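See below for the structure under consideration.
Protein chains: 2
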Amino acid sequence: MATAKRAPAGAAVLRTDITVAIRDAVMYELAEVGYGRLSIEAVARRAGVGKTAIYRRWSNKLEMVLEIVSDVAGRSVPLPDTGSFAGDLQLIMMIVSRALQHRIASQIIPDLMAEAARNPQIAETLQTALRTHQQAVGEKLVGQAVARGELPADTDPDVAVDLILGPLYWRLAVSRSKPDPEYLEKLMTAVTAALRHS
Amino acid sequence: MATAKRAPAGAAVLRTDITVAIRDAVMYELAEVGYGRLSIEAVARRAGVGKTAIYRRWSNKLEMVLEIVSDVAGRSVPLPDTGSFAGDLQLIMMIVSRALQHRIASQIIPDLMAEAARNPQIAETLQTALRTHQQAVGEKLVGQAVARGELPADTDPDVAVDLILGPLYWRLAVSRSKPDPEYLEKLMTAVTAALRHS
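As given, the protein sequences belong to chains A and B, one line each in that order.
Here the first sequence stands for residues 4 to 201, where the numbers follow this note's numbering.
Here the second sequence stands for residues 4 to 201, where the numbers follow this note's numbering.
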């Protein structure tokens, strides 16, 4: 990392550094003022670049925000096989809880959701990123459990993920009552029972 | 209703009509432009009143929005006793699905949530309204089922409501994939199994 930053200023390296700086600035501004009040000027100022550096990459604010957010939201969560459904479930709930306390989930997603209701292009990009992500997690989690004989073969991966993500999202991002370990334990038991007995 | 509107223009009647017009205008503007871009001028114009009519009621935009939204969000859902947990659950899921497709849930709540992350007063008002509401629903739903012997006495009403609200909110308001009747059926079975067997 340090080496890369100190490397001779080849054009490719510089361009990457600038893109990272702009991406960080966009995420910061989105969290701080929201999409509606975000300006290219403020992003350029925070990233320490000229406005032309931004317009060279994206033709407008919408395009810039969509590409950056869907890139961040779509990064795949590393979901290792812990060897048991209980272990996998516990790990996913931990990862999701932590992710939902990050400002991307607590500020940027609600803000873009509100914008999405007014702008179909934002809606589609955001939903495609979320759904693709959710499907991958669901198929891996349920697939592993079915292969181990822990869940019925006809378990619906979508319902499974909704039962995990939904309550955590509702609690952490909407009603904002922090789930304590006892709550997480109860939720885990409930989700396991739901998938085994339905 | 018609009689009330045609009643002699007593001050009290007029004041109520104006408050209703302002409230409707605020909800409309919130859905249309969001909290950040909402202006007292636009609300007054849409409500057909002068700005003084607004400032006579609330000292600023934040106070006005908070009072109106928490009033609307806090209105109690009529939750009748259908005679069985399955019936109650089906009814609640129907009410919640419909409510989440209303613009209050799909536009105004996400927008205020994004603002809430920047403004603790909005956060507290919104969360108190949501939690009070959720608690009342949970206690009634679970209380009735326990009294009928359909659920264990130690069923946690909060977990129960999170399992119903969470997946529906996630699906309808966040990932925006419309739940079809088959999905609702699966979710109902899963939630019932979760509460009976955990």
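For each residue, glycine too, the CB sits at the ideal point set by N, CA and C.
None of these values were measured; they are calculated from a predicted model.
According to DSSP, simplified to helix, strand and coil, what is residue i?
i        : result
Glu188/A : helix
Ala10/A  : Residue placement at Ala10/A is flagged as unreliable, the pLDDT there being 44, under the threshold of 50; a coordinate-derived value is accordingly withheld.
Gly86/B  : coil
Val149/A : helix
Pro155/B : coil
Ala5/A   : Unreliable placement is indicated for Ala5/A, whose pLDDT of 41 sits below 50; the coordinate value is still reported in the next sentence. Here Ala5/A sits in helix by DSSP.
Ala139/B : helix
Pro182/B : coil
Trp61/A  : coil
His200/A : helix
Ser109/B : helix
Ser100/A : helix
Thr22/A  : helix
Tyr38/B  : coil
Val194/A : helix
Ala50/A  : helix
Ala132/B : helix
Ala117/B : helix
Please list, in chain order, the chain A residues whose beta carbon lies closer than 7 Å to that of residue i.
i        : result
Trp173/B : Asp165, Leu168, Gly169 and Tyr172
Asp266/B : It is not possible to answer for residue 266/B, since the shown part of chain B is limited to 4 through 201.
Gly37/B  : Gly39 and Ala117
Which one of the options has the shortest CA to CA distance from residue i?
i        : options                                   : result
Val145/A : Leu33/A, Gly90/A and Tyr58/A              : Gly90/A
Pro123/B : Arg179/A, Ala139/A, Leu92/A and Asn122/A  : Arg179/A
Lys64/A  : Gln110/A, Leu82/A, Leu115/A and Gln93/A   : Leu115/A
Asp183/A : Ala193/A, Leu171/A and Val194/A           : Leu171/A
Leu187/A : Val36/B, Ala163/B, Tyr186/B and Ala193/B  : Ala163/B
Arg59/B  : Thr135/B, Gln130/B, Thr85/B and Ile21/B   : Ile21/B
Asp157/B : His200/B, Gln93/B and Val46/B             : His200/B
Val75/A  : Thr195/A, His136/A and Arg40/A            : His136/A
Ile95/A  : Ser42/A, Ala34/A and Leu168/A             : Leu168/A
Glu118/A : Asp84/B, Ile43/B, Val23/B and Tyr38/B     : Tyr38/B
Glu66/B  : Glu127/B, Gln93/B and Phe88/B             : Glu127/B
Trp185/B : Lys181/A, Asp161/A, Leu190/A and Thr192/A : One detail in the question is off: residue 185/B reads as Glu in this sequence, not Trp. It is Asp161/A.
Leu82/A  : Ala139/A, Thr192/A, Gln104/A and Val194/A : Ala139/A
Ile111/A : Trp61/A, Gln93/A, Asp159/A and Leu41/A    : Leu41/A
Pro113/A : Glu142/A, Ala56/A, Thr85/A and Ala34/A    : Ala34/A
Gly86/B  : Gln147/B, Ala197/B, Ala196/B and Thr19/B  : Gln147/B
Phe88/A  : Ala120/A, Pro155/A and Ile57/A            : Pro155/A
Lys181/B : Gln130/B, Leu166/B, Ser109/B and Ala197/B : Ser109/B
Asp84/B  : Glu142/B, Ala193/B and Ile25/B            : Glu142/B
Arg134/A : Asp165/A, Gln104/A and His105/A           : Asp165/A
Ala120/A : Ile25/B, Thr19/B, Ala24/B and Val36/B     : Val36/B
Lys189/A : Ala45/B, Met191/B and Asp159/B            : Asp159/B
Quick one: which chain B residues come within Cβ less than 9 Å of residue i?
i        : result
Gln130/A : Val177, Ser178, Arg179 and Ser180
Ala126/A : Arg179
Measuring only from the beta carbon, is residue i closer than 6 Å to any heavy atom that is part of the ligand HEM?
i        : result
His105/B : For the ligand HEM, the structure offers nothing, since it holds no ligand at all.
Find the residues of chain B that neighbour residue i, judging by a C-beta separation of less than 7 Å, and give them in chain order.
i        : result
Ala197/A : Ala193, Val194, Ala196 and Ala197
His200/A : Ala196 and His200
Pro184/A : Those do not exist, as Pro184/A stays about 14 Å from chain B at its closest Cβ, beyond 7 Å.
Output, in chain order, the set of chain A residues within a Cβ distance shorter than 9 Å of residue i.
i       : result
Ala91/B : For the record, residue 91/B in the displayed sequence is Asp; it is not Ala. Per Cβ cutoff of 9 Å: no residues; Asp91/B is ~18 Å from chain A at best.
Identify the contact partners of residue i in chain B, using a Cβ-Cβ distance below 8 Å as the criterion.
i        : result
Gln110/A : Ala117, Ala120 and Arg121
Val162/A : Pro170, Tyr186, Lys189, Leu190 and Ala193
So residue i contacts chain D; which residues on that side make the cut at Cβ distance below 7 Å?
i        : result
Pro113/B : No chain D appears in the structure shown, which is made up of the protein chains A and B.
Using a C-beta to C-beta distance shorter than 8 Å, which residues of chain A count as neighbours of residue i?
i        : result
Gln137/B : Ser178
Leu133/B : Val177 and Ser178
**Asked** Using 8 Å as the threshold, is the stretch 165-184 of chain A in touch with the stretch 94-101 of chain A, meaning 3 or more CB pairs across them?
**Response** yes
Exercise. Does the stretch 56-75 of chain B touch the stretch 149-157 of chain B, meaning 3 or more C-beta pairs lie closer than 8 Å?
Worked result: no
Does the contact criterion of 3 or more C-beta pairs under 8 Å hold for the stretch 26-35 of chain B versus the stretch 49-62 of chain B? yes
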